[in-house]
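Q:
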């Protein structure tokens, strides 16, 4: 690689550079890499903070929301003074402040079937930091159709899950979960909730998977669903394999183009609206 | 009969199907679970028709979003 590290960069990334699996070459690779984070919330916050600190050269952040006071319990990239600000603007400010080496693209928009393929195409890896099933399936399908590796994660109460998908080479989200659950089955807001630190752990694991992928390291969570319960401190790896009947990456795929699905919505009182 | 459910040995009624297993395991929201049987993911329509056998390895995999049920990204 042509790039060389400045003295400042050698200091900044010294704890990476002394790692056998990273070194100067690995750090240069990270600086030349591009990761798209969809959702600047509970998962996207820790994921993007660690990727910026690690010196991943280009980070894209997509989110259509503004910071709300109820986000601050877990979305540690946003501060009290950011309430009302666009999440991507709030997040981009922090990422640039942590590491001026990083170019941040703050994309204030909602991902949908019409724009996602174009969004992901210039990135090396995608992080699904979203909180709802229609978007999770959309990201999966787009990454499969666009042949883009990505990290899936979900959190609920004291539980979290994580898997890494290499389209065409490992099981995808739809191989395991088939289709979004019926909206009426999704836990209502009053039953849901999440311990803030659980988002921190799982989002940090997503950043770890992204870095491993970019560095070409072994041991990705492919064909594996990592399931974690924080109360019992129980991590389990569930072995998965590609599903020949998968609607998007199986032998006879029925999903060959993208479409949007309708999501359940609920408000702060826990009632559907 | 004995099964291995999510890595733990459990005793369930003989000859039950997957739908009945979800009841016996007191799964509150069966629509929010995907089931893997001996490393093969089942379609939802197969829950009723798939009988379990002694020693089967079952994984109940829960749908997890972001802890709040809204449609925002």
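Protein chains in written order, with our numbering: chain A, 1 to 273; chain B, 1 to 73.
From the three backbone atoms N, C-alpha and C, an ideal C-beta is built for every residue, glycine too.
According to DSSP, which residues form a beta bridge with residue 151 of chain A?
A: BP columns for residue 151 of chain A point to A/127 and A/164.
Q: For residue 290 of chain A, which residues in the same chain have their Cβ closer than 6 Å to its Cβ, ignoring the five residues on either side in sequence?
A: Coverage of chain A is limited to positions 1 through 273, which leaves residue 290 of chain A absent and any answer about it impossible.
Q: Does chain B have any CB closer than 9 Å to the CB of residue 100 of chain A?
A: No, no contact with chain B.
Q: Have a look at residue 125 of chain A and residue 150 of chain A and give me their C-alpha separation to the nearest angstrom.
A: If I take the Cα positions, the gap works out to 5 Å.
Q: Are the CB atoms of residue 36 of chain A and residue 120 of chain A nearer to each other than 9 Å?
A: It is a contact, given that the beta carbons lie within the stated cut-off.
Q: How about residue 256 of chain A and residue 240 of chain A: are their beta carbons less than 9 Å apart?
A: Not a contact, by the Cβ cut-off of 9 Å.
Q: Residues of chain A with a CB under 9 Å from the CB of residue 18 of chain B: which are they?
A: Going along chain A, no residue has its Cβ under 9 Å from residue 18 of chain B, so there is no contact; the nearest lies around 14 Å.
Q: For the 8 Å Cβ check, are there 3 or more pairs between the segment 211 to 221 of chain A and the segment 136 to 144 of chain A?
A: Counting Cβ pairs under 8 Å, fewer than three are found: no touch.
Q: Listed from N- to C-terminal order along the chain, which residues in the segment 143 to 160 of chain A have their beta-carbon within a distance smaller than 9 Å of any beta-carbon of chain B?
A: Flagged, chain order: 153, 154, 155, 156, 157, 159 and 160.
Q: Please specify which runs of the beta strand (DSSP E), each continuous and at least 3 residues long, are wholly inside the segment 154 to 230 of chain A, giving them in chain order.
A: If we require 3 residues or more, the beta strand (DSSP E) runs fully inside the segment 154 to 230 of chain A come out as 159 to 165 and 224 to 229.
Q: Does DSSP classify residue 120 of chain A as helix, strand or coil?
A: Three-state result, residue 120 of chain A: helix.
Q: Nearest-angstrom Cα distance between residue 269 of chain A and residue 192 of chain A?
A: Because the pLDDT of residue 269 of chain A is 45, which lies under 50, any placement of that residue in the model is unreliable, and the question is left without a value.
Q: For residue 145 of chain A, which of helix, strand or coil comes out of DSSP?
A: Residue state, collapsed to three classes: helix.
Q: Which residue comes first and which comes last in the beta strand (DSSP E) that contains residue 94 of chain A?
A: First-last for residue 94 of chain A: 87 to 98, but that is the alpha helix (DSSP H), not the beta strand (DSSP E).
Q: Quick check on DSSP: helix, strand or coil for residue 132 of chain A?
A: Coil, per DSSP.
Q: What did DSSP end up calling residue 16 of chain A once you bin it into helix, strand or coil?
A: Residue 16 of chain A falls in the helix class under three-state DSSP.
Q: Leaving out five residues before and five after residue 221 of chain A in sequence, what residues of the same chain have Cβ atoms less than 7 Å from its Cβ?
A: Answer for residue 221 of chain A: 162, 163, 164 and 209, listed in chain order.
Q: Just to make sure I have the definition right: I need the residues of chain A whose C-beta is within less than 7 Å of the C-beta of residue 31 of chain B. Which are they?
A: Neighbours of residue 31 of chain B on chain A, chain order: 181, 182 and 185.
Q: Give a yes or no on whether the C-beta atoms belonging to residue 181 of chain A and residue 32 of chain B are separated by under 9 Å.
A: Against a cut-off of 9 Å, the Cβ pair of residue 32 of chain B and residue 181 of chain A comes out as a contact.
Q: Alpha carbon to alpha carbon, how far is residue 70 of chain A from residue 23 of chain B?
A: Each residue's alpha carbon lies about 35 Å from the other.
Q: Tell whether a beta-carbon distance below 9 Å holds between residue 153 of chain A and residue 206 of chain A.
A: Yes, these two residues count as a Cβ contact at 9 Å.
Q: Excluding five sequence neighbours on each side, which residues of the same chain lie with their C-beta closer than 6 Å to the C-beta of residue 47 of chain B?
A: Cβ within range, chain order: 18 and 19.
Q: For residue 27 of chain A, count the other beta carbons within 10 Å of its own beta carbon; 16 or more makes it buried, fewer makes it exposed. Which is it?
A: That one is buried.
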